[in-house]
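Asks: These protein sequence lines are chains A and F, in that order.
The letter at position 120 of the first sequence is residue 120 when you use my numbering, and the numbering goes up by one with no holes.
Converting from the second sequence to my numbering requires adding 1000 to each position, the first position being numbered 1.
Quick one: this structure, given as structure tokens, is what I'll be asking you about.
2 protein chains.
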Amino acid sequence: MLASLRFNGAQAAAELAAQVSLSRSKIGQELGRLQELGFVERAGKAASQGGRRSGLVQLSRRLRFVGVDIGATSLDVGVTDGLLELVAHTSEPIDIKDGPDAILGRAVEVIDKLRAEGHLPALNGVGVGVPGPVSFRDGFTVSPPIMPGWDRYPVREHFTQQLDCPVQLDNDVNLMALGEMYCGLARSVPDFLFVKIGTGIGCGIVTGNRVLRGSNGSAGDIGHIAVHDTGPVCGCGRTGCLEAWFSGASLSRDATALARGGESPGLHELLGDRDALTAHDVGIAMRHGDPQALGLVRDGGRRLGRVLAGLVNFANPAMIVVGGGVAGLGHPLLAEVRSELYRRSTPLATSTLPIALSELGEHAGVVGAAALISDQVFGAGPTP
Amino acid sequence: MLASLRFNGAQAAAELAAQVSLSRSKIGQELGRLQELGFVERAGKAASQGGRRSGLVQLSRRLRFVGVDIGATSLDVGVTDGLLELVAHTSEPIDIKDGPDAILGRAVEVIDKLRAEGHLPALNGVGVGVPGPVSFRDGFTVSPPIMPGWDRYPVREHFTQQLDCPVQLDNDVNLMALGEMYCGLARSVPDFLFVKIGTGIGCGIVTGNRVLRGSNGSAGDIGHIAVHDTGPVCGCGRTGCLEAWFSGASLSRDATALARGGESPGLHELLGDRDALTAHDVGIAMRHGDPQALGLVRDGGRRLGRVLAGLVNFANPAMIVVGGGVAGLGHPLLAEVRSELYRRSTPLATSTLPIALSELGEHAGVVGAAALISDQVFGAGPTP
């Protein structure tokens, strides 16, 4: 019922009753209960249809969900209302390697600050995303390669104890997919892939409107698919992995090397006396026509496209959404991905396959995290 | 209720009522209706538990489902009872290129023959598998690359008209996966991949006990994933596809070339004055210690393993089942697949991942086809 109000907005009690197959008397009881809990409120009268005008109900405007998106190098916290509209958002740099005590402590501080600023008249639930595999049932991370100190740390419990509200934990890319499914490009698409290109590369898989997490929560771990027999050594210890060839981290590494080696005057100038260039710098240089920067992006797009071509043959999605910080490289990257994908996948799988940039952009993670916990609190929705 | 009887065997009406949440009076009505339809029958009394001994019901022993497994070069027809136990099975060579009229006509003849032999006291439904993409909803094949003349041919309607019973059509590999899920190795595994190595290579994907068919029915089409930039020209017109490098057809091609070129005395002798060697011949030569034959199998296993490694990172299945005719190559093939898979996938995804040969073997397709239509007739089960 709450999910129906989220999806359809304010409705008459009679309409709602029909939708959830409750009798007239039962719906009154149930709405009374939800009103007491602070989940719904009255919203004036419906337009008359000849008879007595019936009262409308809607989700309470005081409902608030918090999405916490913990990345390798950033902490984003967003507040949404019951309709998953973002009402506040903060972002700050972190280093995931500082460990769970420091990072989770900071996340709670940010939430407290948002509360002090009046953004949280209520706190109905918190969704949390982390950049590694998660045991969804247990609410902790499992062997996260880039998160030393986080293995099996009880993240969900930490928030539950500190904030005294329902909490759910998931992998950050799954949450970005969920955000795009509820509020972004993929609203009407039951089967799609969300590809996040950030420090590493990951993929959220949605089939039949459900996030596919796999047998132990590591589904979508495409950054470690081998694209060559050899290549730069990856963070996972092997060679040839996609993200060792192309990701925010590898762009930074390769661009910095080109700048230092003098191959690219443009990148050299951008580097100045800094330690390293970023993927963002590569984008700037590329837009200024630097051929080396463009080459890095094209090579990366081709490798990503090659991996996606295999996954498209395998999963036959109806759409691919590309997000994460490096997605800001935009058109030249997507053009290369598309070209490789259309060349290497079967025509049946690609003939109507759009490949598009995330609509929610940097907000996808926090909105998806709010959607996750909102589904649990509302006892409905396609996930988990 | 019928699915429960299939899964649990004979049960007392009271037990059944509790399982499907029906009142005592409603269950009597419903069982009466199912008995009239010929779906259930009485099966003696339950052991006394102090009170009145209640009557047991079970699936009618006269229930029969037919599974038709149309391959590129073979037509298999199986008959199962209501419990999906195989009670009859026939297999004969065909050429899928003869087109739908010839092949489907022959399938109906075979079913008529099985009926004449007394194997079909009833015909409660027919499941049909074809070696190409299928529009599951429409009951026809879609752009099947190796099936000229079959595009959008109304296969389901053909059988419905000829046999006057419920019919469902699916891709053959999806059906093999379904067979293994109901009656084989994967009985207790909600997420697994079924890899068929026959003339070509395909994959059935089961997630959460459901077959994943993708947005237009082509999910699992892994034979056309590129393993190299170049390679033998594939039936699809591109180069580098997995099945152009390794499949029943490519083993036949490569072994025949080795035999003719004189590189392998063993293969040369096996060839004799035949036109070509088969994958089966390669197995024979390999077991006789022919190093060239073993080399073909190892190279193929390595390429298959490389593709599967990517899919394991992506989908994180709990098991991989390998079937199809070429699976008969057995241990040397699986050893190479495993080695490549464990080397290239993330440890989290492979630490508890069994890779096993199909338990149902050549029966997987017909049993899966029977399971598909049985689920529809019983109005239950995890598929579709």
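The beta-carbon is built from N, C-alpha and C at its ideal position, and this holds for glycine as well.
Do A:VAL142 and A:GLY217 have their C-beta atoms within less than 8 angstroms of each other?
Replies: Going by C-beta atoms, A:VAL142 is nearer than 8 angstroms to A:GLY217.
Asks: Step through the CB atoms of chain F and report whether any lies within less than 8 angstroms of the CB of A:GLY231.
Replies: It does not; no Cβ of chain F falls within 8 angstroms.
Asks: Hey, out of A:SER4, A:ASP76, A:ALA293, A:PRO131, whose CA is closest to A:PHE39's CA?
Replies: Nearest of A:SER4, A:ASP76, A:ALA293, A:PRO131 to A:PHE39, Cα basis: A:SER4.
Asks: Assign A:LYS196 to buried or exposed, taking buried as 16 or more other Cβ atoms, counted over all protein chains shown, within 10 Å of its Cβ.
Replies: A:LYS196 comes out buried.
Asks: Just to confirm before moving on: does the CB-CB distance between A:ALA12 and A:GLN58 stay below 8 angstroms?
Replies: Against a cut-off of 8 angstroms, the Cβ pair of A:GLN58 and A:ALA12 comes out as no contact.
Asks: I'd like to know if F:LEU1372 contacts chain A, where contact means its C-beta is closer than 8 angstroms to some C-beta of that chain.
Replies: Cβ-Cβ to chain A under 8 angstroms: no for F:LEU1372.
Asks: Which of the residues in the segment 335-351 of chain A, read from start to end, lie with their CB under 9 angstroms from any CB of chain F?
Replies: Residues passing the 9 angstroms Cβ filter: ARG343, ARG344, SER345, THR346, PRO347, LEU348, ALA349, SER351.
Asks: Quick one: grab the DSSP three-state call for F:VAL1126.
Replies: Strand.
Asks: At 3 residues or longer, what runs of the beta strand (DSSP E) sit wholly inside the segment 156-240 of chain A?
Replies: Within the segment 156-240 of chain A, the complete beta strand (DSSP E) runs of at least 3 residues are 167-171, 192-197, 201-207.
Asks: So, A:VAL89 versus A:VAL366, is the Cβ gap smaller than 8 angstroms?
Replies: Here the sequence assigns His to residue 89 of chain A, which means Val is not the residue at that position. A contact, by the Cβ cut-off of 8 angstroms.
Asks: Return the Cβ separation of A:ALA293 and A:LEU267 in integer angstroms, given the expectation that the two are a contact with Cβ distance under 8 angstroms.
Replies: Contact holds; Cβ gap of about 6 angstroms.
Asks: Ends of the alpha helix (DSSP H) at A:GLU318?
Replies: Strictly speaking, residue 318 of chain A in this sequence is Ala, with Glu absent from that position. Note, A:ALA318: premise wrong, no alpha helix (DSSP H); not H, not E.
Asks: Considering only the beta carbon of each residue, do A:LEU360 and A:GLY184 sit closer than 8 angstroms?
Replies: Result yes, Cβ atoms of A:LEU360 and A:GLY184 sit closer than 8 angstroms.
Asks: Near A:LEU242, what residues of its chain come up, given a Cβ to Cβ distance below 8 angstroms and the 5 sequence neighbours on each side ignored?
Replies: These residues qualify, in order along the chain: ILE201, ILE222, GLY223, HIS224, ILE225, ALA226, VAL227, ARG303, LEU304, VAL307.
Asks: Give the C-beta separation of F:PHE1314 and A:LEU311 to the nearest angstrom, bearing in mind that I take them to be a contact with Cβ-Cβ under 8 angstroms.
Replies: 6 angstroms between Cβ atoms; contact.
Asks: Skipping 5 residues on each side, what residues in its chain have a beta carbon closer than 7 angstroms to that of A:PHE136?
Replies: Within the same chain, A:PHE136 has close Cβ partners ASP170, ARG213, GLY217, PRO384.
Asks: Please report the residue range of the alpha helix (DSSP H) in which A:GLU41 lies.
Replies: Counting along the chain, A:GLU41 falls outside any alpha helix (DSSP H), though it belongs to the beta strand (DSSP E) covering 40-45.
Asks: Cβ closer than 7 angstroms: which chain F residues qualify as neighbours of A:GLY220?
Replies: Chain F residues near A:GLY220: PHE1314.
Asks: Taking all protein chains shown into account, decide if A:HIS363 is buried (16 or more other Cβ within 10 angstroms of its Cβ) or exposed.
Replies: Buried, by the Cβ-count rule.
Asks: Which residues in the same chain have their Cβ closer than 7 angstroms to the Cβ of A:GLY325, if we skip the five residues on either side of it in sequence?
Replies: For A:GLY325, where only same-chain residues beyond five positions count, the Cβ hits under 7 angstroms are GLY198, GLY248, ALA279.
Asks: Nearest CA to the CA of F:VAL1077: which residue from F:GLY1379, F:GLY1125, F:ARG1238, F:MET1286?
Replies: With distances taken between Cα atoms, F:VAL1077 lies closest to F:GLY1125.
Asks: Confirm, please, whether the CB-CB distance from F:PRO1317 to F:LEU1193 is below 8 angstroms.
Replies: Going by C-beta atoms, F:LEU1193 is nearer than 8 angstroms to F:PRO1317.
Asks: Residues of chain A with CB closer than 9 angstroms to the CB of F:ASN1216, please, in chain order.
Replies: Within chain A, the residues near F:ASN1216 are ASN316, ALA318, LEU348, ALA349, SER351, THR352.
Asks: How many Å lie between A:GLY71 and A:PRO93 at the Cα?
Replies: Going by the C-alpha atoms only, they are around 9 angstroms apart.
Asks: If you drop the 5 nearest sequence neighbours on each side, which residues of the same chain put their C-beta closer than 6 angstroms to that of A:SER345?
Replies: ALA309, VAL312, ASN313, listed in sequence order.
Asks: Return the residues of the segment 229-254 of chain A that lie within a Cβ-Cβ distance of less than 7 angstroms from chain F, sorted by chain order.
Replies: Answer in chain order: CYS236.
Asks: Tell me whether F:GLY1204 is buried or exposed, calling it buried when 16 or more other Cβ atoms sit within 10 Å of its Cβ.
Replies: When all chains shown are included, F:GLY1204 counts as buried.
Asks: Within 10 Å of its beta-carbon, does A:ARG187 have 16 or more other beta-carbons around it, so buried, or fewer, so exposed?
Replies: So A:ARG187 ends up on the exposed side.
Asks: Are the CB atoms of F:SER1374 and F:LEU1084 nearer to each other than 8 angstroms?
Replies: In contact: F:SER1374 and F:LEU1084 (Cβ atoms closer than 8 angstroms).
Asks: Against F:PRO1332, what residues of chain A qualify as contacts under a CB-to-CB distance less than 7 angstroms, listed in chain order?
Replies: Those within 7 angstroms of F:PRO1332 in chain A number zero; the least Cβ separation is about 22 angstroms.
Asks: Could you give the DSSP three-state label for A:GLU117: helix, strand or coil?
Replies: A:GLU117 falls in the coil class under three-state DSSP.
Asks: Using the Cβ count rule (16 or more neighbours within 10 Å means buried), how would you classify F:THR1080?
Replies: The residue is buried, with at least 16 neighbouring Cβ atoms inside 10 Å.
Asks: Of all the CB atoms in chain F, is at least one closer than 8 angstroms to the CB of A:LEU304?
Replies: So no, A:LEU304 is outside the interface.
Asks: For F:GLY1310 and chain A, any beta-carbon pair shorter than 8 angstroms?
Replies: It does: the Cβ of F:GLY1310 has a partner Cβ on chain A nearer than 8 angstroms.
Asks: With a threshold of 16 other CB atoms inside 10 Å of the CB of F:GLY1289, please say whether the residue is buried or exposed.
Replies: It counts as exposed.
Asks: In chain order, which beta strand (DSSP E) runs of at least 3 residues are fully inside the segment 269-295 of chain A?
Replies: The qualifying runs do not exist here; there are none.
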